[in-house]
Amino acid sequence: MSKKSEIKSIPTFPLSKLVLSDINPRQIVDETEVEALAQSIKACGLIQNLVGISEGENIGIVAGGRRLRALQLLLETKEIIASFPVAVRVAENEEQALEWANAENTARKDLNPSEEIKAYRIMQEKGFSVEKIAIAFAKTVRHVKGRLRLANLAECILDALAQGDVTLDIASVYTITDDQEKQTETFNRLNGSWGGDQEHTIKNSLMAEANTADDRRTQFVGREAYEAAGGKIREDLFGEDVYFLDTIILDRLVDEKLEQVRQDVLAKGWKWIQANVDLVPYQERELNTFIQPTRPELNDQQSARLEALKQADRNDQAKPNELKELQALLDYTKPVYLSVDMDFAGGYVSIGHDGQPRLDLGYI
Numbered sequence: 514m515s516k517k518s519e520i521k522s523i524p525t526f527p528l529s530k531l532v533l534s535d536i537n538p539r540q541i542v543d544e545t546e547v548e549a550l551a552q553s554i555k556a557c558g559l560i561q562n563l564v565g566i567s568e569g570e571n572i573g574i575v576a577g578g579r580r581l582r583a584l585q586l587l588l589e590t591k592e593i594i595a596s597f598p599v600a601v602r603v604a605e606n607e608e609q610a611l612e613w614a615n616a617e618n619t620a621r622k623d624l625n626p627s628e629e630i631k632a633y634r635i636m637q638e639k640g641f642s643v644e645k646i647a648i649a650f651a652k653t654v655r656h657v658k659g660r661l662r663l664a665n666l667a668e669c670i671l672d673a674l675a676q677g678d679v680t681l682d683i684a685s686v687y688t689i690t691d692d693q694e695k696q697t698e699t700f701n702r703l704n705g706s707w708g709g710d711q712e713h714t715i716k717n718s719l720m721a722e723a724n725t726a727d728d729r730r731t732q733f734v735g736r737e738a739y740e741a742a743g744g745k746i747r748e749d750l751f752g753e754d755v756y757f758l759d760t761i762i763l764d765r766l767v768d769e770k771l772e773q774v775r776q777d778v779l780a781k782g783w784k785w786i787q788a789n790v791d792l793v794p795y796q797e798r799e800l801n802t803f804i805q806p807t808r809p810e811l812n813d814q815q816s817a818r819l820e821a822l823k824q825a826d827r828n829d830q831a832k833p834n835e836l837k838e839l840q841a842l843l844d845y846t847k848p849v850y851l852s853v854d855m856d857f858a859g860g861y862v863s864i865g866h867d868g869q870p871r872l873d874l875g876y877i
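Count along the sequence shown from 1, add 513, and you get the number used in the working numbering.
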């Protein structure tokens with residue numbers, strides 16, 4: 514008859530009965546690490562039991578010395594009481610205790626992302642650096658920074674993350690705004706709906722009133738000018754999207770720059786120039802009479818020279834100075850409006866799809 518091994522529950526002992534065993538390999542620790550770990554335990558409890566061995570009336574801790582010190586610190590600061598129950602797996606002898614201690618590192622229970630975010634946030638609020646938090650949780654600094662980026666998520670999103678109702682990637686999308694009320698409203702409205710778990714749907718909902726960096730108006734103004742005017746920027750922490758949040762400032766800068774472009778074009782001699790963000794509809798423009806620009810004519814010698822330069826360019830035989838001469842002749846032949854036409858005509862200034870000023874001129 515085979516014997517079935519029993520899985521024994523791990524007993525608990527009052528904190529006051531626990532002492533650091535002489536065979537614990539880590540007798541000296543960084544006090545700031547202990548403080549950080551104490552805050553970790555306070556935030557999410559003692560996740561992992563200690564390993565010990567009987568030492569008279571006490572239990573000597575062989576594995577978990579930092580945790581013991583952190584608990585004792587919480588006792589000193591009256592966060593817990595002396596009878597606080599601590600789970601300790603008690604070995605039958607020193608050899609077994611050391612074996613368990615060595616195995617502990619390969620059987621550590623990690624926090625889920627939601628628990629990590631909350632725990633890291635609490636510790637950061639207590640003044641602990643990212644480096645100290647990383648030490649306390651045996652994580653890399655990069656890992657801790659990644660979780661702290663999610664520290665401002667609304668509780669409903671963190672709860673859904675803990676329950677597995679949303680993925681970490683989807684939760685990350687909500688960091689695009691610091692407004693937790695907006696996060697909550699958007700999450701409650703979209704979660705479980707058709708397309709509500711799509712990144713672009715969430716972003717569009719959260720940033721409905723903002724303009725992206727690839728919007729033609731933001732390209733027209735430029736980020737530097739916008740921020741110099743006091744405009745706020747929101748960058749997607751987990752993507753490449755950049756949002757211009759202050760619509761009023763952006764609108765003002767667009768109007769000011771359009772007016773400057775209008776004045777610059779007027780200064781060239783046009784009678785009138787109308788500025789609009791969008792191109793004036795074709796039907797409205799057609800109410801005016803359009804005049805064609807004049808193309809300058811080349812004399813026979815210039816024409817022959819232009820053809821010779823073109824042929825040299827096609828054959829890859831043109832020298833650098835000849836290429837400059839070719840470009841100069843081509844520029845000279847571009848259609849232009851004569852001052853006599855500009856005295857009576859005008860046109861429209863708008864913002865092109867590439868964010869550059871668009872000029873539609875030659876209307877009377």
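Using N, Cα and C, we set each Cβ at its ideal position, and we do this for glycine too.
Here's the rule I'm using: 16 or more other beta-carbon atoms within 10 Å means buried, otherwise exposed. How should residue i be labelled?
| i | result |
| --- | --- |
| Tyr687 | buried |
| Lys716 | buried |
| Thr699 | buried |
| Gly577 | buried |
| Glu548 | buried |
| Asn789 | exposed |
| Phe641 | buried |
| Ser522 | exposed |
| Val774 | buried |
| Ile864 | buried |
| Arg827 | exposed |
| Asn724 | buried |
| Ser596 | exposed |
| Asp867 | exposed |
| Arg702 | exposed |
| Val849 | exposed |
| Ala841 | exposed |
Do residue j and residue i come within 8 Å of each other at the CB atom, strictly closer than that value?
| i | j | result |
| --- | --- | --- |
| Val657 | Tyr633 | yes |
| Pro626 | Leu559 | no |
| Val778 | Arg730 | no |
| Gly860 | Asp844 | no |
| Phe526 | Ile566 | no |
| Ala556 | Ile635 | yes |
| Glu825 | Glu810 | Just to set this straight, residue 825 is Ala in the shown sequence, not Glu. In this structure, Glu810 does not lie closer than 8 Å to Ala825 by Cβ. |
| Ala741 | Ile762 | no |
| Lys645 | Glu544 | no |
| Glu628 | Ala583 | no |
May I have the straight-line CA-CA distance separating residue i from residue j, to the nearest angstrom?
| i | j | result |
| --- | --- | --- |
| Gly677 | Ser685 | 14 Å |
| Leu663 | Ile630 | 7 Å |
| Ala673 | Gly705 | 11 Å |
| Ala721 | Ser816 | 56 Å |
| Leu803 | Ala780 | The residue you asked about is not Leu; residue 803 is Phe in the sequence shown. Distance between the alpha carbons of Phe803 and Ala780 is about 21 Å. |
| Asp477 | Leu758 | Residue 477 lies beyond the range of the chain shown here (514 to 877); nothing can be said about it. |
| Leu671 | Leu587 | 27 Å |
| Cys669 | Asp749 | 21 Å |
| Arg871 | Ser553 | 59 Å |
| Leu581 | Ala600 | 11 Å |
| Ala738 | Ile746 | 12 Å |
| Gln585 | Val755 | 47 Å |
| Thr807 | Ala858 | 14 Å |
| Asn618 | Val532 | Low confidence applies to Asn618: its pLDDT is 47, below 50, so where it sits in the model is not reliable, and the reading given next is rough at best. Taking the straight line joining both Cα atoms gives about 21 Å. |
| Trp785 | Asp856 | 9 Å |
| Asp606 | Gly708 | The sequence given here has Asn at residue 606, not Asp. Looking at the two C-alpha atoms, the distance is approximately 59 Å. |
| Val603 | Gln561 | 14 Å |
| Arg660 | Gln637 | 12 Å |
| Pro598 | Glu592 | 13 Å |
| Gly744 | Val793 | 28 Å |
| Ala831 | Gln869 | 33 Å |
| Ala651 | Lys639 | 19 Å |
| Pro524 | Leu563 | 10 Å |
Relative to the ligand FAD, is the shortest distance from any of its heavy atoms to the C-beta of residue i smaller than 7 Å?
| i | result |
| --- | --- |
| Leu766 | This structure lacks the ligand FAD; in fact it carries no ligand of any kind. |
When the Cα of residue i is compared with those of the options, which residue comes out closest?
| i | options | result |
| --- | --- | --- |
| Leu666 | Phe650, Trp707 and Ile689 | Ile689 |
| Gly482 | Gln711, Lys770 and His713 | Any question about residue 482 goes unanswered here, given that the chain covers just 514 to 877. |
| Tyr876 | Asn812, Ser852, Glu799 and Ala825 | Glu799 |
| Lys530 | Ser553, Glu570 and Gln814 | Glu570 |
| Ile594 | Leu528, Ala821, Glu712 and Trp707 | Leu528 |
| Gly782 | Pro833, Gly708, Ser852 and Ala651 | Ser852 |
| Thr697 | His713, Leu719 and Val564 | Leu719 |
| Leu839 | Lys847, Val599, Pro848 and Leu822 | Leu822 |
| Thr846 | Asn812, Gln869, Arg871 and Met855 | Asn812 |
| Glu753 | Glu712, Asn801 and Asp854 | Glu712 |
| Asp791 | Ala651, Glu638 and Asp728 | Asp728 |
| Asp854 | Asp710, Lys832, Gln805 and Leu703 | Gln805 |
| Val862 | Tyr795, Gln796 and Glu772 | Glu772 |
| Val575 | Glu589, Trp613 and Lys832 | Trp613 |
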